[in-house]
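Engineer: One structure coming up, written as structure tokens, with questions to follow.
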Amino acid sequence: MTTLTHPTDTAHATGERVLPPLRLGRHVIDSPVVLAPMAGITNRAFRRLCREAGDAGLAASGLTGAHSLYVNEMVTSRALVERSPETMRLIEHDEEEVPRSVQLYSVDPATTAAAVRMLVTEERADHIDLNFGCPVPKVTRKGGGAALPWKRDLFRAIVSAAVTEGAKGGVPVTIKMRTGIDDEHLTYLEAATAAVEEGVAAVALHARTASQAYSGSADWSRIRLLKETITSVPVLGNGDIWSAEDALAMVEQTGCDGVVVGRGCLGRPWLFADLAAAFAGTQVRVRPSLGEVGETLRRHAELLTDFYAGDELRACRDIRKHIAWYLKGFPAGSSVRNQLALVDSLAALDDLIATLDPDTPWPGEAAEGQRGRAGSSRVVALPENWLASRVLDAAQGEQVAQAELSVSGG
666 MTTLTHPTDT AHATGERVLP PLRLGRHVID SPVVLAPMAG ITNRAFRRLC
716 REAGDAGLAA SGLTGAHSLY VNEMVTSRAL VERSPETMRL IEHDEEEVPR
766 SVQLYSVDPA TTAAAVRMLV TEERADHIDL NFGCPVPKVT RKGGGAALPW
816 KRDLFRAIVS AAVTEGAKGG VPVTIKMRTG IDDEHLTYLE AATAAVEEGV
866 AAVALHARTA SQAYSGSADW SRIRLLKETI TSVPVLGNGD IWSAEDALAM
916 VEQTGCDGVV VGRGCLGRPW LFADLAAAFA GTQVRVRPSL GEVGETLRRH
966 AELLTDFYAG DELRACRDIR KHIAWYLKGF PAGSSVRNQL ALVDSLAALD
1016 DLIATLDPDT PWPGEAAEGQ RGRAGSSRVV ALPENWLASR VLDAAQGEQV
1066 AQAELSVSGG
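In case it helps, my numbering puts the sequence shown at residues 666 to 1075.
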């Protein structure tokens, strides 16, 4: 990727790593950076872009061993057990992806066990992450996602089922969660403690509540408190990492063992080059020109075409949502942006990219900062009387049983 061969600062590595490698069970992740699973984003195509960037980041610094962890978009355990064709496609990995990481969403311990057993016995994954952080109303109103840790018994049973089945094949299980439902109903410390007791290999915390969704600021002090509480397995921090400098700041302020990056890499897969270099102790950073961004955009569309089995139209429909993120801060005219948002073939994409001035330099601050959805805080949709007890009752159990329907990749 051309975008990764022109760092703006060729300072040599200091020789002092910011953090040691991240250990997840039998896996050693050289660069302690994790790509957060994002619905409709972290498919095989985007993961490859990020992985290539991360590897090139240390190569540009004269180093090797940039391998981070790139997690696929969430799939439901139920859809996996039922072998939904779309879900089976979503868990596919490139041969070069090591370890292969799958994120599962589940609300039922038995289905969780069956899904993990399938992944392990069929050798489809080397690492499994459990989603307890989804704030989407269609999930939380049925007791799933970020709402689920409120029910202590159900949470512990799901984690135990996954860890037990994963251990049979040496596949470590981790969890990703939020701080709680809202500031009055925090769950993260108790849930993390329970998960560690059940044998998880690491805990990742998005330092927002479900009520915040993606609004406001992540409260990194809660990552620090979690790190102080959990000492036997790695604690990973997530939330408001828009640059390598943000990641370094999070580590310094919280003491976390690694970072999880989500919206910060939208339209900038080269962020993983910056992160790999930063954690290796070098000042190398990627600042691509508009021409280099165009090349990356084109390669992304090409990889999506392969992901969709040669369907250019579907690939181009997918790439449309990425265009504003790629072009953020660049002086690309509204006409070109609008046409790019309607592109329907690789040839049409090529024609439009050709109209961009390739020599336009990185726009600096205008291209930095928040990307992706933000929105505003809200009252979390929950099942009736969900907050009345920390234990699941029969009626709520029936509601929760429906929470896995139609949310793979959602």
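The C-beta atom is built at its ideal place from N, Cα and C for all residues, glycine as well.
1. Kindly provide the ranges of any alpha helix (DSSP H) runs that are 4 or more residues long and lie completely inside the region 778-846, ordered along the chain.
2. If you reduce the DSSP assignment to three classes, tell me which class Gly1074 lands in.
3. Could you check whether the region 706-716 touches the region 844-851, counting it as contact only if at least three pairs of C-beta atoms, one from each stretch, sit closer than 8 Å?
4. Can you list, in chain order, the residues of its chain whose CB lies under 6 Å from that of Val900, leaving out five sequence neighbours each side?
5. Output yes or no for whether 8 Å exceeds the beta carbon distance between Pro1048 and Gly831.
6. Going by DSSP in three states, Arg688 sits in which element: helix, strand or coil?
7. At which residues does the beta strand (DSSP E) containing Leu1011 begin and terminate?
8. By how many angstroms is the C-alpha of Leu734 removed from the C-alpha of Glu747?
9. By Cβ distance, which residues of its chain are closer than 6 Å to Tyr991, with the 5 residues on each side in sequence left out?
10. Between the Cα of Ser886 and the Cα atoms of Pro750, Asp905 and Cys799, which residue gives the shortest distance?
11. To the nearest angstrom, how far is it from the Cα of Ala878 to the Cα of Arg806?
12. Helix, strand or coil, according to DSSP, for Thr919 in the structure here?
13. State the DSSP-derived secondary structure class of Ser771, mapped to helix, strand or coil.
14. Taking just the CA atoms, how far does Leu1014 sit from Gly845?
15. Tell me the start and end of each unbroken beta strand (DSSP E) in the region 850-907 that is at least 3 residues and wholly inside, in chain order.
16. For Ile706, does the three-state DSSP call read helix, strand or coil?
17. Got a sec? Which residues, its chain only, sit under 6 Å from Glu1063 by beta carbon, not counting five neighbours each side?
18. For Glu910, does the count of other Cβ atoms within 10 angstroms reach 16, so buried, or fall short, so exposed?
19. With DSSP run on the structure shown, which of helix, strand or coil describes Leu1047?
20. Could you tell me the distance, in whole angstroms, from the CA atom of Ile888 to the CA atom of Pro685?
21. Quick one, are the C-beta atoms of Pro1023 and Ser954 less than 8 Å apart?
22. In angstroms with no decimal places, state the Cα-to-Cα distance between Asp939 and Val949.
23. Return the residue from the list Glu760, Arg765, Gly1034 and Arg1043 that minimises the CA-CA distance to Arg691.
24. Sorted by chain position, which residues of the same chain lie with C-beta nearer than 8 Å to Pro645's C-beta, five sequence neighbours on each side aside?
25. Hey, Val814 and Ala856: beta-carbon distance below 8 Å or not?
Structural biologist: Taking the structure as given:
1. 802-805 and 817-832
2. Because Gly1074 carries a pLDDT of 44, less than 50, the predicted location of this residue cannot be relied on, and no value is offered for it.
3. no
4. Val868, Leu891, Lys892, Cys921 and Asp922
5. Not closer than 8 Å, so no.
6. strand
7. Looking at the DSSP string, Leu1011 is not in any beta strand (DSSP E); the run it does join, the alpha helix (DSSP H), is Leu1011 to Ile1018.
8. Each residue's Cα considered, the two are about 27 Å apart.
9. Result list for Tyr991: Gly932, Val958 and Leu962, in chain order.
10. Asp905
11. 14 Å
12. helix
13. coil
14. 43 Å
15. 867-871 and 900-903
16. Secondary structure at Ile706: coil, using DSSP grouped into helix, strand and coil.
17. none
18. exposed
19. coil
20. 18 Å
21. yes
22. Straight-line Cα distance between these residues: approximately 7 Å.
23. Residue Arg765 is the option with its Cα nearest to Arg691.
24. The displayed coordinates of the chain run from 666 to 1075. Any statement about residue 645 would go beyond what the structure contains.
25. Per the sequence presented here, residue 814 reads as Pro, with Val not at that position. Annotated as proximal: Pro814 and Ala856, with beta-carbon spacing under 8 Å.
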